[in-house]
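Just so you know, the protein sequences line up as chains U and E, in that order. Using the UniProt record's numbering, read the first sequence as starting at 1 and increasing by one per residue. Using the UniProt record's numbering, read the second sequence as starting at 1 and increasing by one per residue. Structure, as structure tokens:
Number of protein chains: 2
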Amino acid sequence: MRYEAITIKDIAKALNLSISTVSKALRDSYEISEDTKDMVKAYARDHNYKPNPIAQSLKKGLSKSIGVVVCNIDNHFFSQAINGMEVVAGSRGYNVIITQTHESFEREVANVRHLSSRSIDGLIVSLSAETEDIGHFKQLHDQGLPIVFFDRVTPEIKTHTVISGNFKGAYDATLHLVAQGYTRIAQITSANQLSITLERLEGYRQALADSGIPLRDEYVRFCPHGGMIQAETEQAIRGLLALDPRPEAILTASDRLSTTTFSLLKEMQVAIPGEMAIVGFTNSVSAHIFDPPFSAIMQPAFDMGKQSMELLVQLIEAKRPVTEFERRVLDVELRIRASSQRAR
Amino acid sequence: MRYEAITIKDIAKALNLSISTVSKALRDSYEISEDTKDMVKAYARDHNYKPNPIAQSLKKGLSKSIGVVVCNIDNHFFSQAINGMEVVAGSRGYNVIITQTHESFEREVANVRHLSSRSIDGLIVSLSAETEDIGHFKQLHDQGLPIVFFDRVTPEIKTHTVISGNFKGAYDATLHLVAQGYTRIAQITSANQLSITLERLEGYRQALADSGIPLRDEYVRFCPHGGMIQAETEQAIRGLLALDPRPEAILTASDRLSTTTFSLLKEMQVAIPGEMAIVGFTNSVSAHIFDPPFSAIMQPAFDMGKQSMELLVQLIEAKRPVTEFERRVLDVELRIRASSQRAR
DNA sequence: CTGAAAGCGCTAACAC
DNA sequence: GTGTTAGCGCTTTCAG
Numbered sequence: 001m002r003y004e005a006i007t008i009k010d011i012a013k014a015l016n017l018s019i020s021t022v023s024k025a026l027r028d029s030y031e032i033s034e035d036t037k038d039m040v041k042a043y044a045r046d047h048n049y050k051p052n053p054i055a056q057s058l059k060k061g062l063s064k065s066i067g068v069v070v071c072n073i074d075n076h077f078f079s080q081a082i083n084g085m086e087v088v089a090g091s092r093g094y095n096v097i098i099t100q101t102h103e104s105f106e107r108e109v110a111n112v113r114h115l116s117s118r119s120i121d122g123l124i125v126s127l128s129a130e131t132e133d134i135g136h137f138k139q140l141h142d143q144g145l146p147i148v149f150f151d152r153v154t155p156e157i158k159t160h161t162v163i164s165g166n167f168k169g170a171y172d173a174t175l176h177l178v179a180q181g182y183t184r185i186a187q188i189t190s191a192n193q194l195s196i197t198l199e200r201l202e203g204y205r206q207a208l209a210d211s212g213i214p215l216r217d218e219y220v221r222f223c224p225h226g227g228m229i230q231a232e233t234e235q236a237i238r239g240l241l242a243l244d245p246r247p248e249a250i251l252t253a254s255d256r257l258s259t260t261t262f263s264l265l266k267e268m269q270v271a272i273p274g275e276m277a278i279v280g281f282t283n284s285v286s287a288h289i290f291d292p293p294f295s296a297i298m299q300p301a302f303d304m305g306k307q308s309m310e311l312l313v314q315l316i317e318a319k320r321p322v323t324e325f326e327r328r329v330l331d332v333e334l335r336i337r338a339s340s341q342r343a344r
Numbered sequence: 001m002r003y004e005a006i007t008i009k010d011i012a013k014a015l016n017l018s019i020s021t022v023s024k025a026l027r028d029s030y031e032i033s034e035d036t037k038d039m040v041k042a043y044a045r046d047h048n049y050k051p052n053p054i055a056q057s058l059k060k061g062l063s064k065s066i067g068v069v070v071c072n073i074d075n076h077f078f079s080q081a082i083n084g085m086e087v088v089a090g091s092r093g094y095n096v097i098i099t100q101t102h103e104s105f106e107r108e109v110a111n112v113r114h115l116s117s118r119s120i121d122g123l124i125v126s127l128s129a130e131t132e133d134i135g136h137f138k139q140l141h142d143q144g145l146p147i148v149f150f151d152r153v154t155p156e157i158k159t160h161t162v163i164s165g166n167f168k169g170a171y172d173a174t175l176h177l178v179a180q181g182y183t184r185i186a187q188i189t190s191a192n193q194l195s196i197t198l199e200r201l202e203g204y205r206q207a208l209a210d211s212g213i214p215l216r217d218e219y220v221r222f223c224p225h226g227g228m229i230q231a232e233t234e235q236a237i238r239g240l241l242a243l244d245p246r247p248e249a250i251l252t253a254s255d256r257l258s259t260t261t262f263s264l265l266k267e268m269q270v271a272i273p274g275e276m277a278i279v280g281f282t283n284s285v286s287a288h289i290f291d292p293p294f295s296a297i298m299q300p301a302f303d304m305g306k307q308s309m310e311l312l313v314q315l316i317e318a319k320r321p322v323t324e325f326e327r328r329v330l331d332v333e334l335r336i337r338a339s340s341q342r343a344r
């Protein structure tokens, strides 16, 4: 049931030229006379000729498509990032194939396998929360496939990375809580092998240390599935609430954890910020209309997406092997709202 | 800088067979002996052979990719719908190329042109708010390209459509407002030629009529860009607030309009629901933690995406021209929360 | 300035 | 049971 498009061959036949002449004319080759070019181009335009990208890809060995692996597009951080990627990809003639891991290692491996079998020109990846072994990426990378990691990155593969100021975001947010007079500050975070978890944890630790507040291990709760499994988050919260002394404030370390924790606290009738203050990483566009308004650490997701794609295209189109890799760290923005302010 | 994958030719050479024998062996042809098949398959597995989908596509004249046109993925309704599409596409061996119109007709045309030039096998579309002329789709459809419309559909092209119970959603929500004792009920809606606008308007009209409440034209405000331009929404709200008698309740008719209106009302210090009750279409996952909790009409976005993709794949893989088209209407769900309840 | 021919990786009709 | 050949649409030497 498909429609038949006009090909170079049709043009050649109609104009009584050879296929190669038409091809060259369309590509504005210097070998072809102006007259012929005009004739061919006019015919092509009138008959709505479109080069078949599949044939071009086969010939050139490039697919002009880029695979993207993220945990979930149903999340403002990632949808904004993808937005940014598409802007750049579109302007460079690439298209983007998006796959979601839903934080599952198994799905990540399957997605990567599927993408690579579809002959993509490159990969942009944010690791799933479950991922510890990155062999599936390493194999492709060793074969020469350009890869850029963003947000959740790994040091095991030498390539460009784009992240946000995770340390600084957590540091500033924690200091802000301290400034509000809180000293019993907890953190609910994602899987403990993720780069963002480590960096955000470190910012939190440093802020506590700089404030002379001892770190309590039991104040840090990990959710191995980054909030995809609500029961996990619920358990983390209940664990914190059961402690003595009980924390007065929480820093939530990822988008989904932020909204889930916020929502669960309300469900458990824990007053925010009266009984528990909260500040968290989130790119939700509605944080300011939450009850109470949610103090958010926002990442420049759109820009991260754009820059990741730029770096990837650069890698793909590089004439010689790239050996110097960039690690870009973009600023986060702390928007202080009522959820983290000391109740009067 | 790309990596070279192993091809059928390499296998043939290594095993001293012809290319076609290898091809047939890999596809389990009955013409090939078990021994040869085993040998070929073992070699292929060991050397991680992957058929080149580009070559297959060129040969078969199918790209195994599907274009999607939506206004914005940074919106829970669409990201959930795309989620659903990807599930089905993935299981059927297709991949999905997503493009965004940002409610602009011009970008819609450009996206469709780009997609069709990339030889896609089919298209899933939700029209942009600006779109009145659908010639760009009609042309492709007439050429035989399978298209499925969802959410924002058009009667001008005879094909499958998947929508939600827009009439019923608006009808129920309006009746709910009436039941709360409101009689001056306004609607803020999207561009007036969109199918969702018409259907939601009709549900609202019917509910008012059934309740014996006269319809006031000035209570209905259109935002031609569906809330993408905040000034438009702001003007709509100010217009309503300036009326005498002033409306007591608003029905917002799309995802973005709902959150924007809600946010702007708060900014303008209009008490919700005290001075203005509000209920709206939205698939936001945070509506229940808004201040006050937002009464939402939720669409089964994920399921709409799944069904759209199923219908499209059916169309693509149909052996004979399809002449009977389905119009699927999926139920919406009204979740009544504080924002639309009569203040005591 | 134009054209013939080879080939990208794969499939399929048709030999042998 | 296996191999030969042509061809999908296009680009690109290399001849003419």
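By construction, the Cβ of each residue, glycine as well, lies at the ideal position given by its N, Cα and C atoms.
query: With a threshold of 6 Å on Cβ separation, who are the neighbours of S195 of chain U within its own chain once the five nearest residues in sequence on each side are excluded?; result: R152 and V153
query: If you measure beta-carbon to beta-carbon, which residues of the segment 96-118 of chain E are closer than 8 Å to chain U?; result: V96, I97, I98, T99, Q100, H114, S116, S117 and R118
query: Counting only Cβ-Cβ distances shorter than 8 Å, please list the residues of the UniProt domain "HTH lacI-type" (6-60) of chain U near chain E, keeping chain order.; result: K50, P51, N52, P53, I54, A55, S57 and L58
query: Please tell me whether V148 of chain E and V162 of chain E are closer than 9 Å, where the distance is taken between their beta carbons.; result: yes
query: Given that a residue counts as buried once 16 or more other Cβ atoms are within 10 Å of its Cβ, and exposed if not, what is I19 of chain U?; result: exposed
query: Could you pull the start and end residues of the alpha helix (DSSP H) that residue 356 of chain U belongs to?; result: Limits of chain U in this structure are 1 at one end and 344 at the other, which puts residue 356 of chain U out of reach.
query: Pick out whichever of U:V40, U:I6 and U:A5 has its Cα sitting closest to the Cα of T21 of chain U.; result: U:V40
query: With 9 Å as the threshold, decide whether the Cβ of I157 of chain E is near any Cβ in chain U.; result: no
query: Roughly how many whole angstroms lie between the Cα atoms of L257 of chain E and S258 of chain U?; result: 24 Å
query: Say whether the segment 216-234 of chain E touches the segment 304-314 of chain E, bearing in mind that this needs 3 or more beta-carbon pairs closer than 8 Å, one atom from each stretch.; result: no
query: Is the shortest distance between the beta-carbon of V125 of chain E and the beta-carbons of chain U less than 9 Å?; result: no
query: Expressed to the nearest angstrom, what Euclidean distance is found between the alpha-carbon atoms of N305 of chain E and S29 of chain U?; result: The identity of residue 305 of chain E in the sequence shown is Gly, whereas the question assumes Asn. Their Cα atoms are separated by approximately 45 Å.
query: Taking 9 Å as the cut-off, decide whether the C-beta atoms of V220 of chain U and T260 of chain U are in contact.; result: no
query: Between the segment 280-313 of chain U and chain E, which residues of the former have a C-beta closer than 8 Å to a C-beta of the latter?; result: S284, V285, S286, H288, I289, F290, D291, P292 and P293
query: Check whether chain E comes within 9 Å of E86 of chain U, counting only Cβ atoms and requiring the distance to be less than that.; result: yes
query: Roughly how many angstroms separate the alpha carbons of G61 of chain U and M228 of chain E, rounded to a whole number?; result: 40 Å
query: Between the C-alpha atoms of K64 of chain E and S57 of chain E, what's the straight-line distance to the nearest angstrom?; result: 7 Å
query: Take R335 of chain U as the anchor and find which of U:F325, U:L265 and U:I297 has the nearest alpha-carbon.; result: U:I297
query: Can you list the residues of chain E that I73 of chain U reaches, using a CB-CB cut of under 8 Å?; result: I73, S79, I82 and N83
query: Straight-line CA distance for N166 of chain E to Q206 of chain U?; result: 52 Å
query: Decide yes or no for the touch test of the segment 107-115 of chain E against the segment 316-331 of chain E: beta carbon pairs closer than 8 Å, at least 3 of them.; result: no
query: Span of the beta strand (DSSP E) holding L58 of chain U?; result: Counting along the chain, L58 of chain U falls outside any beta strand (DSSP E), though it belongs to the alpha helix (DSSP H) covering P53 to K60.
query: Evaluate Q341 of chain U with the Cβ neighbour count: other Cβ atoms within 10 Å of its Cβ, from every protein chain shown; 16 or more gives buried, anything less gives exposed.; result: buried
query: Suppose contacts are defined by Cβ-Cβ distances below 9 Å. Is H136 of chain U in contact with R113 of chain U by that definition?; result: yes
query: Between which two residues does the alpha helix (DSSP H) containing G169 of chain E stretch?; result: N166 to A179
query: Taking contact to mean at least 3 C-beta pairs separated by less than 8 Å, is the segment 247-255 of chain E in contact with the segment 279-289 of chain E?; result: yes
query: When you compare the segment 129-143 of chain U with the segment 63-83 of chain E, are there three or more beta-carbon pairs, one atom per stretch, that lie closer than 8 Å?; result: no
query: Taking the alpha-carbon positions, what's the E130 of chain E to C71 of chain E distance?; result: 10 Å
query: Nearest-angstrom Cα distance between G212 of chain E and S295 of chain E?; result: 24 Å
query: Using a Cβ-Cβ distance under 9 Å, would V76 of chain E count as near chain U?; result: Reading the sequence as shown, one finds His at residue 76 of chain E and not Val. Taking Cβ atoms only, chain U reaches closer than 9 Å to H76 of chain E, which makes this a yes.
query: Quick one: Cα of A55 of chain E to Cα of A5 of chain E, how far?; result: 13 Å
query: Of all Cβ atoms in chain E, is any one closer than 9 Å to the Cβ of K138 of chain U?; result: no
query: If contacts are defined as beta-carbon pairs under 8 Å, then L251 of chain E and A170 of chain E qualify, I think. What distance do you get, rounded to the angstrom?; result: 6 Å
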